[in-house]
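As given, the protein sequences belong to chains A and B, one line each in that order.
For the first sequence, this note's numbering gives the first residue as 905, with consecutive numbering after it.
For the second sequence, this note's numbering gives the first residue as 3, with consecutive numbering after it.
Report on the structure given below.
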Amino acid sequence: MKSTASTAGAASRSKPGRSGLLKAMASRYDLYLMLLIPVVWYLVFHYGPLYGLQIAFKNFSPARGILGSKWVGLDHFERFVESYYFWRLLWNTVSINLFSLLFAFPIPILLALLINEIRSKAFSKIVQNVTYIPHFVSVVVMVGMLMLFLSPRGGPVNAIIQAFGAEPVRFLDSAAWFKTIFIGSNIWQNMGWQSIIYIAALSGVNPQLYEAAKMDGASRLRRIWHVSLPGILPVIVILLILDVGHFMNVGFEKILLMQNNLNLESSDVISTFVYTTGILKGEYSYTAAIGLFNSVVNLALLILVNRFARKKAETSLW
Amino acid sequence: MTKQQTIKIAKSDEKIFDAVVNILAALVLIAVLYPLLFIVSASFSDPALVLSGEVLLLPKQVTLEAYKNVFENGQIWNGYKNTIVYTVVGTAINLIMTTLAAYPLSRPDLPGRGVVMFFITLTMFFSGGLIPSYLLVKSLGMVDTMWALIIPGAIATYNLIVMRTYFQSSIPWEIQEAAHMDGCSNWKLLTHIILPLSKPILAVMVLFYAVGHWNSYFNALIYIRSKDMYPLQLVLREVLMVSQADAVDSNVGLESKVLLAESVKYVVIIISSLPVLVMYPFVQKHFVKGVMIGSLKG
C-alpha cells in the first residue's frame, strides 16, 4: 500500500499520461469497488426505466415482455393528443404549476426578508423555527387536515363562514376551489422550509453595503430593494430554474389524495391520469407514452429557462 | 428642514417600520400555529362540540375517548410497527449506499469521477417515469415485499450531492493525503477518519431519509397489496379519507359511532406526526445545516 500513497498525492496535481492514468486508476481500485454497487443501482433503477420506456412505442403485453412486444410507432402519442381529455389534462398540469410559480414561489423570499428585518433575535428565531414545522407533516396528514378544516360539518373555516350568516361551502368537492386550496396549503406547509435558503443567503450579504446605503439616506424598504434583493438574486434564479425543472410533476402525490369525482375537472393532471389509467387499469404502453410526453415537455422547459437565465441573469445550472 | 428634524423623522419611520415587521411576523406565526393547535384541541374535545363548530381554539369538555379508541385499534398499531421497520431498515441502506457513492466521488484524485457524476446528476432531470419504473420493480419480484419501498429509493441524488459536497469542503484534503502517506487504505480511511469526522452530515442524512420513509405513502400504495404490510401512512389514508365507522368500537350507538369516527381522525393525525415533531426541536439545526450545504455549494 506504500506505492498507493506516493501516487495518490502526485496524480492529483500533475496530469498523468495514458499509462499514468491506468496506474492512478489501479492504485485506487478500492474506491471503484465502493462505487460499484451504487453505480449498478443507478444503472438498474434510473437507467433501467429509460430502457423500459420503449414500450411507449410498442403494444406492451406482459406475456411477451418488453423486447417481444410489437412496435406501433407514435400511435399512443396520437391517441393521447387527439383524446377529449388532452386539453383538460394539459391545462390543469400547466396552470397548477404556473399559479404555483406565480404565488407560492415569491412567498418564501418575502418571508426571509421579513425574518431578516426582525430586530429581536429571539423573536426572529421563533418565527423561523415555527414556520419550518409544517414541512414535516406528511402528505396524507396534510390532506386529512384540509378535509377536517374545510369540512362543511364542523370545520372551523365553515364555522366562521356560518357565523357571518353565509351558507357553508363544500370546498373540497368543488372544482372552482381546488387550485386555490392546493396552492394555499402548499404555501402553508413549505414557506418556512424554503425560506431557509434565502435566510442563509441574506446572512451572507456584506454588512458594509447596508451601512453605505444607510449613509446615503436609504430607508429600510429601499435597503431591502437595493441591497438585500440583489444580494440573493443568484439564489432566487437557481431555485426558480430548479422549480421549472419539476414543472410538470409538482404535487402529484397530494393531488392524488385530494382528487374526487366532483373536483376532477380541475384536479385531473397528467401524472394522476398516468397513475389511474396505467397502474390501476393496466394500460401500460399508453400511459408510458403520456409519461414520456410529460417528461419531454419538462426537460424542454428546463433547458429553455436555463438558457434564458444564463443570458439575462448570468446565473444558470450548467 | 434642519438636519436634526430629518433624523427625527427617520427615527420615527424606523419605529413604524419595525412595528409593521413585528405585526406581520406575528400574523405569520398565528397562521402557521393555529391549524396545529386546532387539531390538538379537537382531539381532546367532545366530538359533538367539534362537529357543531363550537371548538375553535381551546378544547371543550375534555375527553380521552378518541385516544382510547385509537390505542385499541390493531390496524393502526400494525401500521406503526411496519413503518418503524421500513424506516429503520430503509434508512440504514440509504446511509450505506449514499456513503459508498459520495465518498469516492468526493476524491479529487479519482479518475473518471466527472463522468460518473454527470450520469448521476442527469437522473435528477430525466427519468423513465412511473410506468417503466413500476414494471421494473414488478419484474424484479419486489411487489408486495418491503424491498419495493426500500431498494428503488436507496439513494436520493440530492442527498448524495449534499454528502459529497460535505466531504469535499469540510474535511481537509491534507488529512487524507497524510493518511495515505502513512499507508492507510481507502477503506480504513473512510471508516476510521472520514466517517468519524462526518457526524453532522450523517445526522442530516439520517434525518432526511428517516422522515422521508416515515411520511411516504405512494410507493406503498402501488407496491404493497397485503393489508397487514401497510405502513402507517396507508392506514391513515384509510382512516382519514375513507370514512370508516367500523374502525370504531361497535357497542356504542350509530350516532355516537359516527361522531367518534370523526374525532379519531384528529387523534391519528397527532399520533402519526408525533415522532417526527418530538424529534424536531433536537434536530432542527441539523436540518437547516443540511439544506444550506445542499443549496449554497451544490
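All residues carry an ideal CB built from backbone N, CA and C; glycine is no exception.
Beta carbon proximity, residue i to chain A, threshold 8 angstroms
i, result
"B:LYS267", "yes"
"B:ASP48", "no"
"B:ALA156", "yes"
"B:TRP149", "no"
"B:PHE40", "yes"
"B:GLU74", "no"
"B:ASP15", "yes"
"B:GLY130", "yes"
"B:PRO113", "yes"
"B:GLN246", "At B:GLN246, the pLDDT of 45 sits below 50, so the modelled position is not reliable; the number obtained from the coordinates is stated separately. With 8 angstroms as the cut-off, B:GLN246 does not count as an interface residue toward chain A."
"B:VAL213", "yes"
"B:PHE284", "no"
"B:SER274", "yes"
"B:GLY328", "For chain B, the structure presents residues 3 to 300; residue 328 of chain B sits outside this window and is missing."
"B:ALA27", "yes"
"B:LEU53", "yes"
"B:MET165", "no"
C-beta neighbour in chain B for residue i, strict 8 angstroms
i, result
"A:TYR1179", "yes"
"A:SER1199", "yes"
"A:PHE1009", "no"
"A:GLY950", "The question names Gly, yet the displayed sequence has His at residue 950 of chain A. Yes, A:HIS950 counts as interfacial toward chain B."
"A:PRO1033", "Note that residue 1033 of chain A corresponds to Asn in the displayed sequence, not to Pro. With 8 angstroms as the cut-off, A:ASN1033 counts as an interface residue toward chain B."
"A:GLU1021", "yes"
"A:SER1132", "no"
"A:GLY1186", "no"
"A:VAL998", "no"
"A:VAL1073", "no"
"A:ILE1145", "no"
"A:LEU1166", "no"
Proximal residues of chain A, C-beta to C-beta of residue i below 7 angstroms
i, result
"B:PHE127", "GLY1149, LEU1203 and LEU1206"
"B:SER171", "Simply none; closest approach about 15 angstroms."
"B:TYR136", "ILE1183"
"B:PHE19", "ARG1124"
"B:MET144", "Those within 7 angstroms of B:MET144 in chain A number zero; the least Cβ separation is about 11 angstroms."
Cβ shell of residue i (< 7 angstroms), same chain only, five flanking positions each side left out
i, result
"B:ASN80", "ASP230"
"A:VAL1232", "Residue 1232 of chain A lies beyond the stretch modelled for chain A, which goes from 905 to 1222, so this question has no answer here."
"B:ALA103", "ILE157 and LEU162"
"A:PHE1212", "none"
"B:VAL250", "The predicted position of B:VAL250 is uncertain, since its pLDDT is 46 and thus under 50; a value taken from the coordinates is nonetheless stated next. Correct list, in chain order: ASN71, LYS259, LEU262, ALA263 and VAL266."
"A:PHE1197", "PHE981 and PHE984"
Sequence-distant residues of its chain with Cβ nearer than 8 angstroms to residue i (five each side left out)
i, result
"A:GLY1088", "none"
"B:GLN63", "SER47, ASP48 and LEU51"
"B:LEU39", "LEU59"
"B:LEU197", "THR101 and LEU204"
"B:HIS182", "LEU191"
"B:THR93", "VAL208, TYR211, ALA212 and HIS215"
"A:GLU1187", "THR1181"
"B:VAL269", "SER45, ALA68, TYR69, ASN71 and VAL72"
"A:ASP1172", "TYR989, ARG992, LEU993, ASN996 and GLN1163"
Interface residues of chain B facing residue i [CB-CB closer than 8 angstroms]
i, result
"A:GLU1157", "TYR219 and PHE220"
"A:TRP1081", "In chain order: nothing, as chain B lies at least about 17 angstroms away."
"A:GLN1163", "Here the premise fails: no neighbours, minimum Cβ distance about 10 angstroms."
Beta-carbon neighbours of residue i, restricted to chain B and to distances below 9 angstroms
i, result
"A:GLU1115", "Going along chain B, no residue has its Cβ under 9 angstroms from A:GLU1115, so there is no contact; the nearest lies around 15 angstroms."
"A:VAL943", "ALA103, VAL118, PHE121 and ILE122"
Chain-ordered chain B contacts of residue i [CB-CB under 7 angstroms]
i, result
"A:THR1191", "ILE133"
"A:GLY1195", "GLY131, LEU132 and ILE133"
"A:GLY956", "GLY130, PRO134, LEU137 and LEU138"
Chain A residues whose Cβ lies nearer than 8 angstroms to that of residue i
i, result
"B:ARG2", "Nothing in the structure corresponds to residue 2 of chain B, since chain B is present only between 3 and 300."
"B:SER45", "Those within 8 angstroms of B:SER45 in chain A number zero; the least Cβ separation is about 10 angstroms."
Own chain, CB closer than 6 angstroms to residue i, minus 5 neighbours either side, in chain order
i, result
"B:GLN77", "VAL237"
Closer than 7 angstroms at the beta carbon, the chain E residues around residue i
i, result
"B:TYR105", "In the structure shown, chain E does not exist; the protein chains are A and B."
9 angstroms Cβ cut-off: residues of chain A touching residue i
i, result
"B:ASN24", "ILE1022, ARG1023, SER1024 and PHE1027"
"B:PRO37", "PRO1038, MET1049, PHE1053, PRO1060 and TRP1092"
Taking contact to mean 3 or more Cβ pairs, one atom from each stretch, closer than 8 angstroms, check whether the segment 1168 to 1188 of chain A and the segment 1108 to 1121 of chain A are in contact. no
Determine, using beta-carbon pairs with one atom in the segment 278 to 293 of chain B and one in the segment 198 to 208 of chain B, whether at least three such pairs fall under 8 angstroms. Look at the beta carbons and you see the segment 278 to 293 of chain B touching the segment 198 to 208 of chain B: at least three pairs across the two are nearer than 8 angstroms.
Between the segment 216 to 240 of chain B and chain A, which residues of the former have a C-beta closer than 7 angstroms to a C-beta of the latter? From the segment 216 to 240 of chain B, only ASN217, TYR219, PHE220, ILE224, GLN235, LEU238 and ARG239 have a Cβ closer than 7 angstroms to chain A.
Tell me whether the segment 1175 to 1194 of chain A and the segment 133 to 147 of chain B touch, counting them as touching only if at least three CB pairs, one residue from each stretch, are closer than 8 angstroms. yes
Decide if the segment 212 to 221 of chain B is in contact with the segment 1022 to 1032 of chain A; the criterion is three or more beta carbon pairs, one per stretch, under 8 angstroms apart. no
When the Cβ atoms of the segment 1047 to 1062 of chain A are set against those of the segment 1117 to 1126 of chain A, are three or more pairs found closer than 8 angstroms? no
The segment 986 to 1003 of chain A / the segment 1206 to 1218 of chain A touching (three or more Cβ pairs under 8 angstroms): no
Tell me whether the segment 952 to 963 of chain A and the segment 126 to 133 of chain B touch, counting them as touching only if at least three CB pairs, one residue from each stretch, are closer than 8 angstroms. yes
Stretch-stretch touch, CB-based, cutoff 8 angstroms, three pairs: the segment 1044 to 1054 of chain A with the segment 970 to 981 of chain A: no
With 7 angstroms as the limit, tell me which residues of the segment 68 to 102 of chain B have their beta carbon closer than that to any beta carbon of chain A; keep them in chain order. MET99 and LEU102
For the segment 186 to 207 of chain B, which residues have a CB atom closer than 9 angstroms to at least one CB atom of chain A, in sequence order? CYS186, SER187, ASN188, TRP189 and LEU192
Proximal residues, the segment 964 to 991 of chain A versus chain B, C-beta separation under 9 angstroms: PHE964, PRO966, GLY969 and ILE970
Quick test of the definition: if touching needs 3 or more C-beta pairs under 8 angstroms, does the segment 930 to 941 of chain A touch the segment 1178 to 1190 of chain A? The segment 930 to 941 of chain A, when compared against the segment 1178 to 1190 of chain A, does not touch it at the 8 angstroms Cβ threshold.
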